[in-house]
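Add 1 to the 1-based position in the sequence shown for my numbering, that's all there is to it.
In this text, a Cβ means the ideal position worked out from N, Cα and C, and glycines have one as well.
No experiment lies behind these values; they were computed from the predicted model shown.
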Amino acid sequence: MNKLEVSSDTSAFEVPAVLDHNGRLTDHCVQQALAMMDTHGLVILTNLLSDDEADAGLQLIRQTIDDPDRNQCTFASETDNRYKRRDFCSLPSTPPVTDFAASLCQRLEGVLTEYCGRTRPLLEVITLTSYLGSSHQYIHRDPSGVISLLAAVENVSEQQGGTVFIPGTHLYAGAESKQGGQVHALMELFRLQCNCRILLHNLQKLWSMRQADRGSLAPGEFLDRVFSTKWDQHQPNLLRFLLGKNSQFSLRSLGPRTLWKLYRDREALKHRFRLVQTAPRKGTVILYRSDLLHAGPDNRSPHPRRFFGMSIARDIIEPKYWHDGYSPHPTLMAHPMSLGDLLDSRDLSRPDRRTAA
Ligand SMILES: [Fe+2]
Numbered sequence: 002m003n004k005l006e007v008s009s010d011t012s013a014f015e016v017p018a019v020l021d022h023n024g025r026l027t028d029h030c031v032q033q034a035l036a037m038m039d040t041h042g043l044v045i046l047t048n049l050l051s052d053d054e055a056d057a058g059l060q061l062i063r064q065t066i067d068d069p070d071r072n073q074c075t076f077a078s079e080t081d082n083r084y085k086r087r088d089f090c091s092l093p094s095t096p097p098v099t100d101f102a103a104s105l106c107q108r109l110e111g112v113l114t115e116y117c118g119r120t121r122p123l124l125e126v127i128t129l130t131s132y133l134g135s136s137h138q139y140i141h142r143d144p145s146g147v148i149s150l151l152a153a154v155e156n157v158s159e160q161q162g163g164t165v166f167i168p169g170t171h172l173y174a175g176a177e178s179k180q181g182g183q184v185h186a187l188m189e190l191f192r193l194q195c196n197c198r199i200l201l202h203n204l205q206k207l208w209s210m211r212q213a214d215r216g217s218l219a220p221g222e223f224l225d226r227v228f229s230t231k232w233d234q235h236q237p238n239l240l241r242f243l244l245g246k247n248s249q250f251s252l253r254s255l256g257p258r259t260l261w262k263l264y265r266d267r268e269a270l271k272h273r274f275r276l277v278q279t280a281p282r283k284g285t286v287i288l289y290r291s292d293l294l295h296a297g298p299d300n301r302s303p304h305p306r307r308f309f310g311m312s313i314a315r316d317i318i319e320p321k322y323w324h325d326g327y328s329p330h331p332t333l334m335a336h337p338m339s340l341g342d343l344l345d346s347r348d349l350s351r352p353d354r355r356t357a358a
């Protein structure tokens, strides 16, 4: 099995943010962003936040992570959370957090309202931090019918593990008619191929951490990540892989017919899809359709990787499905907010730069 091949060229998905006199994206910018979202499933808006705004976002993240009573997310790798390889947690609906979320929504109003009605709920406001030694997530789709946002509040290098995407794998009516009706089948094969490589990558990495003489694994961590019976969809857990207990990737998905198709379609897979890793600069905001194939890679640097994230529903959503797939803070559950609430919040735009002529 070959190594995971990842391109770091994201130029085809980038739109430089230009704001109008109200501090919103200009119409031209909105149209460019929508075209990216529709074609590729994501758009990378560079320089959407000023340095001061990004610093304010980072401050909110630090305050949350420093709180011993923070509300950790359940959807990500809980084992990584347990061993301090990741710290994914939701932000409380305090006035500064809500203001920050509202200012992002207001700046992106032209794009967000194309997909999400004003009454649609804010599903979560979170921070995604990963540390050295985390696992590379399996390639997955988040629950469908959601627009998600990742804001880089500081520069994120490839080594720190900017999110990887497989552009063009989002789902929409009639998409499967491409490639002679085979495109969804090919997508799933490509995902399997990537996940085989991610399993090996994670195992190799854990093994080298075990061999290292630097106490790089905590007591019990190796067993917990490779042979535990505990639920975790993003660890190289061989026990759950062999028993078919991991819905993201398990032996159950590698039957003889699938293996044959992986061999038969190897050339098409090589040319039809590609993994692209983002390495966003401070102030960049990534918007993506939740059903786009993606993953949070491992952090291979000693520097923590931090993102601010939020998600907004495109339709009504059952509370159980919502709480299974997203991590609203208890304060958000107690006082739900809609996209309209955030857009109608006091005008937070600061049209101090990049204003269109
Ligand atoms: Fe995800």
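- With DSSP as the reference, please indicate the residues paired to R273 in a beta bridge. Note: R273 sits in no beta bridge, so no partner.
- Under 8 Å between the Cβ atoms of F274 and T170? yes
- If we ignore side chains and look at the alpha-carbon of each, how far apart do L92 and Q60 end up? 12 Å
- Task: May I ask you to check if the CB of H141 is nearer than 7 Å to at least one heavy atom of ligand 1?
- Result: yes
- Query: How is the beta strand (DSSP E) around V154 delimited, first residue to last?
  - Reply: Premise fails: V154 is in no beta strand (DSSP E) and is neither H nor E.
- Less than 8 Å separating the beta-carbons of I287 and L133? no
- Query: Shortest alpha-carbon distance to A57 belongs to which of P97, F228, E125, L243?
  - Reply: P97
- Query: For E15, which residues from the same chain have a beta carbon less than 6 Å from its beta carbon, with the 5 sequence-adjacent residues on both sides left out?
  - Reply: I45, T47
- For the beta strand (DSSP E) holding C90, just list the boundary residues, first then last. 87 to 91
- Query: Is the beta carbon of T396 less than 8 Å from the beta carbon of S339?
  - Reply: Given a span of 2 to 358 for the chain in the structure shown, any question on residue 396 remains unanswerable.
- Task: Decide if Y139 is buried, meaning its Cβ has at least 16 other Cβ atoms within 10 Å, or exposed.
- Result: buried
- Helix, strand or coil for M360, going by three-state DSSP, please let me know. One cannot answer for residue 360 here, as it falls past the ends of the chain, which runs 2 to 358.
- Task: Given a cut-off of 8 Å, decide if A55 and S346 are closer than it, judged by their beta-carbon atoms.
- Result: no
- Message: ligand 1 and H202: does any heavy atom of the ligand fall closer than 7 Å to the residue's C-beta?
- Response: no
- Item | Between the CA atoms of S135 and Q161 - distance to the nearest angstrom | 10 Å
- Task: Out of V157, Y173, Q32, state which residue places its alpha-carbon closest to the alpha-carbon of G42.
- Result: Y173
- Query: For the beta strand (DSSP E) that contains L366, what are its first and last residues?
  - Reply: The question about residue 366 has no answer here: the residues shown for the chain are numbered 2 through 358.
- Excluding the five sequence neighbours on either side, which residues of its own chain have a C-beta within less than 8 Å of the C-beta of D10, listed in chain order? V277
- Message: Tell me whether H295, by its Cβ, gets closer than 7 Å to a heavy atom of ligand 3.
- Response: You won't find ligand 3 in this model; what it holds is ligand 1.
- Task: Would you mind giving the Cβ-Cβ distance between T130 and D68, rounded to the nearest angstrom? I have them listed as a contact below 8 Å.
- Result: T130 to D68, Cβ: 13 Å. No contact.
- Item | Which listed residue (S78, T99, Q32, S8) has its alpha carbon closest to that of P337 | T99
- Task: Starting from H141, follow its DSSP beta bridges and name the residues at the other end.
- Result: H295
- Can you grab the Cα-Cα spacing for the pair M311 / L263, in whole Å? 35 Å
- Query: Is R241 near A153, with beta carbons less than 8 Å apart?
  - Reply: no
- Task: Pull up the distance between the alpha-carbon of D233 and that of L190, whole angstroms please.
- Result: 22 Å
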